[in-house]
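Asker: Sequence order for the protein chains is A and B.
Positions 1 to 380 (our numbering) are the ones given, in order, by the first sequence.
Positions 1001 to 1381 (our numbering) are the ones given, in order, by the second sequence.
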Amino acid sequence: MSSEARNSLSPISLTDRSIVVAMSGGVDSSVAAYLLSKTGAQLVGVSMQVWDYKKSCSDNSKATCCSPADFNDARRVAAKLDMPYYVVDFEAYFEKEVINRFVETYQLGMTPNPCIDCNSRVKFRELRERALSFGCSHVATGHYARIRESADGFHLLRGVDRDKDQSYFLYTCRQDELGKTLFPIGDYTKPQIREIAREVGLVTADKPESQDICFVAGSVQDFVAKIGGRRQKGDFVLKDGTKIGEHDGIHRFTVGQRKGLNIGGLAEPLYVIDLDPATHRVILGSREDLKRENFTVREMHWVNPQLINRVGAGASGFEVDVIVQVRSRHHGVRARMKVLDKDTCSFTWHDEWAAISPGQAAVVYDLQNEELLAGGRISK
Amino acid sequence: MIIDCDANATYSPDERIRGVISSCLEDLGNPSSLHRSGQRARAAIEEGRASVKSLIGAGDKDTVVFTSGATEANNTAIAAVADRTGPILSASTEHPCVLQPLKRLAARGRAVTFLSPNSDGMITPEALSAALTPDTSLVSIMAANNETGVINPIAAIAERVREFAPQSLIHTDAAQLLGKGHVSMKALGVDLLTVSAHKIGALSGTGALCIRDGVEIDPLLLGGPQESKLRGGTENVLGIAVFGAVSAMIMAQLAERCEIMKGARDLFEESIARAIPGAVVNGAHAPRLPNTSSVYIPGVRADDLIVAMDLERILISSGAACTSGKPEPSHVLKAMGQDEERTRSTVRVSFRADLPLDTVPGIVIALTNAVERMRQVVKKG
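1) Give me the subset of the region 121-151 of chain A whose CB atoms are less than 7 Å from a CB atom of chain B, sorted by chain position.
2) At a Cβ threshold of 9 Å, is residue 86 of chain A touching chain B?
3) Suppose you measure from the CA of residue 1299 of chain B to the CA of residue 107 of chain A; what does that come to, to the nearest Å?
4) Going by beta carbon distance, what residues of the same chain come within less than 8 Å of residue 346 of chain A, once the five residues before and after it are set aside?
5) Under three-state DSSP, which class holds residue 1260 of chain B?
6) Chain A beta carbons: is any one of them nearer than 9 Å to that of residue 1311 of chain B?
7) Is DSSP giving residue 368 of chain A helix, strand or coil here?
8) Is there contact here, the region 250-262 of chain A with the region 92-112 of chain A, by at least three beta-carbon pairs under 8 Å?
9) If we call anything under 9 Å between Cβ atoms a contact, is residue 216 of chain A one with residue 111 of chain A?
10) From residue 68 of chain A to residue 361 of chain A, what distance separates their C-alpha atoms?
11) How long is the line joining the alpha carbons of residue 314 of chain A and residue 1317 of chain B, rounded to whole angstroms?
12) Against chain B, does residue 351 of chain A count as a neighbour if the rule is that its beta carbon must be under 9 Å from one of theirs?
13) Answer yes or no: does any C-beta atom of chain A fall closer than 9 Å to that of residue 1304 of chain B?
14) On the three-pair Cβ rule with 8 Å, is the region 72-82 of chain A touching the region 40-52 of chain A?
15) Can you confirm whether residue 341 of chain A, when its beta carbon is compared against all beta carbons of chain B, has any partner nearer than 9 Å?
16) What residues from chain B crowd round residue 44 of chain A, counting only those whose CB sits closer than 9 Å?
17) For a test of the three-state rule: what should DSSP assign to residue 261 of chain A, helix, strand or coil?
18) Give the secondary structure of residue 350 of chain A by DSSP, where H, G and I count as helix, E and B as strand, and everything else as coil.
19) Which of the three DSSP states, helix, strand or coil, is assigned to residue 239 of chain A?
20) Pull out every residue of the region 1253-1276 of chain B whose Cβ sits closer than 8 Å to any Cβ of chain A, in chain order.
21) Touch check for the region 1268-1282 of chain B and the region 1105-1119 of chain B: three-plus C-beta pairs under 8 Å?
22) Where residue 1007 of chain B and residue 1052 of chain B are concerned, what is the direct C-alpha to C-alpha distance, given to the nearest angstrom?
23) Tell me, please, whether the region 128-136 of chain A touches the region 157-171 of chain A by the rule of three or more beta-carbon pairs shorter than 8 Å.
24) Nearest-angstrom Cα distance between residue 196 of chain A and residue 115 of chain A?
25) For residue 18 of chain A, would you say it is in contact with chain B, using Cβ-to-Cβ distances shorter than 9 Å as the test?
26) When we look at the beta-carbon of residue 61 of chain A and count the other beta-carbons within 10 Å, is it buried (16 or more) or exposed?
27) Nearest-angstrom Cα distance between residue 1301 of chain B and residue 1312 of chain B?
28) Please list the segments of the alpha helix (DSSP H) lying wholly inside the region 1075-1113 of chain B, counting only runs of 4 or more residues, in order along the chain.
29) Does the Cβ of residue 1253 of chain B have 16 or more other Cβ atoms within 10 Å, making it buried, or fewer, making it exposed?
30) Buried or exposed for residue 207 of chain A, please, with buried defined as at least 16 other CB atoms from any protein chain shown within 10 angstroms of its CB.
31) At what residues does the alpha helix (DSSP H) containing residue 338 of chain A begin and finish?
32) For residue 1377 of chain B, return the contacting residues in chain A, with the cut-off set at a CB-CB distance below 7 Å.
33) Name, please, each residue of chain A whose Cβ falls closer than 8 Å to the Cβ of residue 1373 of chain B.
34) How many Å lie between residue 1034 of chain B and residue 1208 of chain B at the Cα?
35) Using a Cβ-Cβ cutoff of less than 7 Å, which residues in the same chain neighbour residue 193 of chain A once the five nearest sequence positions on both sides are dropped?
36) How many Å lie between residue 1167 of chain B and residue 1139 of chain B at the Cα?
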């Protein structure tokens, strides 16, 4: 090893602002690292080894991230930015906290959101613990979201690029975590991020977008079947119990789903309106059948400092007009939130309504649809 | 400045080899060529061979075959008995480049026994004797372990083999012992001995298998008549010349180097015994390489500790050098009867002979601070 290469690491002294940057090997986290590097902060690049694709698909090349090739890209970006870089093994945690929940939730006839579990249980818990172990105070990620500090605490805002905003996945962040987290790209749009990457010459500048669920290469349903074991076949039925077909297992369906039912010959389009894990039935109906006047959300996490104080002080029964987003790709619609207790809220649509899937996250924003206030899981 | 305490992974070259490299580059011919450029390259190889032979205590008639490294040398030694039928004895603490070729032979029906070490990681002559049979065809036991530094009694083992299985070949992988202890083909009494250039401060990509006079083996790599027809392919002239030059330097200073490394290692172990509650040195009761400390530190993840130390610019490891970034628990510590928690909380510190003794206290302080921080994080989490 040449002495030049050995001396090229930027000086790291473990000061209060040494930052672990979570690097997936994609363009967003690459630019996040670059933007931080310009501030003179002391950076440590970390890629999280979370999943061995051999477990779920025979063709490693279909892996959407966390493949050795992605890590090599992250490694090259870190080298270019003159920051130390490590691959850290999180497979055991990820399997327990994300994969198993993902499969189990589908098998219970509900729709999981693994990105939220990954953020709350892996990135902002395990990775933070590792960062502290390394002597680093902060964790930075390439999420499209923003954090603003005010006199009463930290506020989590949507990313400037509304098409790319990822705040929905971040509702479990606690105040102490927000205070030690950085989202360097939240003030930029995706085209700007790619532009920066190209200007700086990062190898990840023109990498394609990663898929929805990073650990699934191929169909979600096949993944669930492979990891969870084959589930029992069942019937398609209408609300009145009339059987109109058969399916390969309820894990293949999500409430609100219209495509992929392979049932034709009926006058109006059919939607999945309910799933019954006990009888393995998939209940079908019209779009109107999906409508619920109100719905309940449990496992609430409070993000906005004022709401934290209010709920923390034991307040309940109060109502707030909010925007609620019920899927990752949903613009959010207005609803009235009633706080039943610190863990539970009920929601009543204002005017427009959306189909909800039990298990999915309902994330609450202010009426400007800008600041994330709270979030939880839609109850069955 | 980087403090390299990972000498067992690679003993990175020091300044002194620059001269050897540049003179080599001036005339890097093909050693098989008849012209002057080829002949000079050939001469460089033979000079290297003489120096390596000298460092490993080989007899005049023993043959040193240069290879691409210890992995190839070990594969060659094992392939030498692939066509025989007698059982093979080795140890569960061996390097993967011995374990894997033996496992392949086992999968093809060959009787292969991997002896377990004692709790200090040593393969005893007694354990070996119990497994030897008159038709044993190969005994392959490493001279010193890469993770723990534990030294096996190869000479005593070889004696037992000669007595109970005189037909058997005896091979030892001496990659870790070379440069950190006295290596002698003659004194060890082995037929085949593996060494590696980058473990002693020469370049990676070069190793050698030493074959005792009278022992006949087939080449692993077939090709041209290079290396006495025992290893096809154009020789790595640069690598071999540097290997030879470094061997000659070490030959002149071996005892002194070992004293320096032992001084650092002993100071390190005494210091952490006081500074880090619960720290235990693996293999502490066995003879060990003078530079190696394998230390179990309860309550920390070894991989995190390596990162934390790297951020302080101190290089250590968790055992064998890992290529994937996804560390598997050490098979060596497992073979010594240690549970997974202990294997995942063990780091290896392996000193160089040019490390000033007065850097050791700083290493101990950095390690102690990192361990205390991690234990606090774990407690809070």
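Here a beta-carbon is modelled for each residue, glycine too, at the ideal position from N, C-alpha and C.
Answerer: According to the data block:
1) 129, 130, 132, 133, 134, 135
2) yes
3) 37 Å
4) 294, 295, 296, 297, 337, 338, 340
5) helix
6) yes
7) coil
8) yes
9) no
10) 31 Å
11) 51 Å
12) no
13) yes
14) yes
15) no
16) 1307, 1311
17) coil
18) coil
19) coil
20) none
21) no
22) 20 Å
23) no
24) 26 Å
25) yes
26) With a pLDDT of only 49 at residue 61 of chain A, under 50, the local geometry of the prediction cannot be trusted, and the value read off the model is given with reservation. Label assigned to residue 61 of chain A: exposed.
27) 17 Å
28) 1096-1107
29) exposed
30) buried
31) Careful: residue 338 of chain A lies outside any alpha helix (DSSP H), inside the beta strand (DSSP E) at 333-341.
32) 129, 132, 133
33) 132, 133, 135
34) 25 Å
35) 27, 28, 31, 185
36) 11 Å
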